[in-house]
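Enquirer:
In our numbering, the protein residues as written are 675 to 957.
Next comes the structure, spelled out in structure tokens:
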């Protein structure tokens, strides 16, 4: 691996400023702050140092990708010419990674939710085997990509709250039932493109919520237990559902999540219909 002083793995000043902007106190980043801060220090040193830190963690975790290959991270330039990104990960275990926030957060999800990432890779690579690489991905691959890039995991033990989310009933979900958050429902950020956007949060920033029905006891478990349960349950759903479509998601403006943004403590925050829209089901 090349030195951080020169060459393709050298320090990039633009990348350094991007990595320095991560605020680990924000709730969407706090879920993986312990590992993330360590990776951030490496990324600020050099591209080579970031890859080394990621691979050290991968070696310790012994995680596998979609077809059972041991997870590792390589420089983007090491992806063979003409090779498909997802197929390469499935067949070799090696995730091509650039020195930028997008791939930093992508790598983070391989550790936060390893089974979900492996399931997405397995489904993507199987679709590629069947249909090849063309100008369009097709419906299933589009849905998998949407999940990978922009998903929120909405864990919920109350069907009325899930119904409010599906029905764009923001007043019920985010105002009247505000006390249910943390006790009957909660959210995890998964999509790495969504996390990249949340470096500079804006009111209209919206994730695609994948609703996960959880038992009431879920909210009595500690955070690692809940994450492991979500990882297992959602990965099984991704592998076991034949017809994956974008209609399976519900839009959720991230800054509207209770306790995630100070301004949403005022009910008037949710009166902005350009963000909290009535939605297709209520029109």
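Note that beta-carbon positions come from the ideal geometry of N, C-alpha and C, so glycine has one too.
Owing to the predicted nature of the structure, the values given are computational and were not obtained by experimental measurement.
1) Report yes if the C-beta distance between residue 881 and residue 938 is below 8 angstroms; otherwise report no.
2) Please list, in chain order, all residues of the same chain as residue 698 whose beta carbon is under 7 angstroms from its beta carbon, the five residues on each side excluded.
3) Does residue 763 come out as helix, strand or coil in the three-state DSSP assignment?
4) Could you name the residues that DSSP lists as bridge partners for residue 826?
5) Helix, strand or coil: which one does DSSP assign to residue 844?
6) Using DSSP with H/G/I as helix, E/B as strand and the rest coil, what is residue 935?
7) Return helix, strand or coil for residue 940, following the three-state DSSP convention.
8) Label residue 781 either buried or exposed according to how many other C-beta atoms from any shown protein chain fall within 10 Å of its C-beta, with 16 as the threshold for buried.
9) Let me know if residue 736 comes out buried or exposed under the rule of 16 or more other beta-carbons within 10 Å of its beta-carbon.
10) Could you tell me how far apart the beta carbons of residue 912 and residue 726 are, in whole angstroms, since I believe they sit closer than 8 angstroms?
11) Check this for me: beta carbons of residue 876 and residue 827, under 8 angstroms apart or not?
12) Counting along the chain, where does the alpha helix (DSSP H) carrying residue 908 start and finish?
13) At a cut of 8 angstroms, does the region 854 to 868 reach the region 888 to 905 through at least three beta carbon pairs?
14) I'd like the span of the beta strand (DSSP E) that includes residue 748, first residue to last.
15) What is the C-beta distance between residue 760 and residue 799, in whole angstroms, given that I count them as a contact (C-beta under 8 angstroms)?
16) Which residues in the same chain have their Cβ closer than 6 angstroms to the Cβ of residue 943, if we skip the five residues on either side of it in sequence?
17) Taking 8 angstroms as the threshold (C-beta atoms), are residue 842 and residue 921 in contact?
Expert: Reading it off the structure:
1) It is not a contact, given that the beta carbons lie outside the stated cut-off.
2) If you ignore the 5 residues before and after residue 698, its C-beta comes within less than 7 angstroms of the C-beta of 704, 707, 710 and 711, all in its own chain and listed in chain order.
3) In the three-state reduction of the DSSP assignment, residue 763 falls in the helix class.
4) BP columns for residue 826 point to 863 and 883.
5) Residue 844 falls in the helix class under three-state DSSP.
6) In the structure shown, residue 935 sits in coil (DSSP, three-state: anything other than H, G, I, E or B).
7) Residue 940 falls in the coil class under three-state DSSP.
8) Answer is buried; the Cβ neighbour count reaches 16.
9) Around the beta-carbon of residue 736, fewer than 16 other beta-carbon atoms lie within 10 Å, marking it exposed.
10) Between residue 726 and residue 912 the Cβ distance is about 31 angstroms, and since that is not below 8 angstroms, they are no contact.
11) In this structure, residue 827 does not lie closer than 8 angstroms to residue 876 by Cβ.
12) Here the alpha helix (DSSP H) through residue 908 covers 897 to 914.
13) Enough Cβ pairs lie closer than 8 angstroms, so yes.
14) Counted as a single uninterrupted DSSP element, the beta strand (DSSP E) harbouring residue 748 occupies residues 746 to 749.
15) Yes, they are in contact, since the Cβ atoms of residue 760 and residue 799 sit about 5 angstroms apart, within 8 angstroms.
16) For residue 943, where only same-chain residues beyond five positions count, the Cβ hits under 6 angstroms are 937.
17) Their beta carbons are not under 8 angstroms apart, which means residue 921 does not touch residue 842 by this criterion.
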